[in-house]
Each structure stands twice: as C-alpha cells, then as structure tokens.
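K.L.:
Take a look at this one; I'll ask things after.
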Amino acid sequence: MERFSASICRQNEDEITVFDSSGISLQDLYMAKAILDATRRS
Numbered sequence: 007m008e009r010f011s012a013s014i015c016r017q018n019e020d021e022i023t024v025f026d027s028s029g030i031s032l033q034d035l036y037m038a039k040a041i042l043d044a045t046r047r048s
C-alpha cells in the first residue's frame, strides 16, 4: 500500500509514515477501519 490519497503520499522509498496511537481505543478502531475501507476501494 504505497498511497492512501493522491495528495498525501511518500515522495521516495526512504520516507516513512509515523502513526501516533495515543487516542482512545474507539478512535483508533474507527481510523483503522476507515483506512482499511479506503484501501479496499482503491
């Protein structure tokens, strides 16, 4: 999964994505589902 949207993507293979999972678990689950759903649509 290289790209989540056209406006937000890595410019090269050396860049990394940092995910801060410091919210409440309900927020984390909602975001995980939203990301999974978005990748399945693309």
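Counting from 1 along the sequence shown, just add 6 to a position and that's the residue number in the working numbering.
C-beta atoms are modelled at their ideal positions from N, C-alpha and C, and glycine is treated no differently.
1) From ILE22 to CYS15, what does the alpha carbon distance come to, in whole angstroms?
2) Just the Cα atoms here: how many angstroms apart are SER48 and ALA40?
3) First and last residue of the alpha helix (DSSP H) that includes SER3?
P.N.:
In terms of the structure at hand:
1) Your numbering for residue 22 matches position 16 in the sequence shown. Your numbering for residue 15 matches position 9 in the sequence shown. Distance between the alpha carbons of ILE22 and CYS15 is about 10 Å.
2) In the sequence shown, the residue the question calls residue 48 occupies position 42. In the sequence shown, the residue the question calls residue 40 occupies position 34. The straight-line gap from Cα to Cα measures roughly 13 Å.
3) With the chain covering 7 to 48 only, the question about residue 3 has no answer from this structure.
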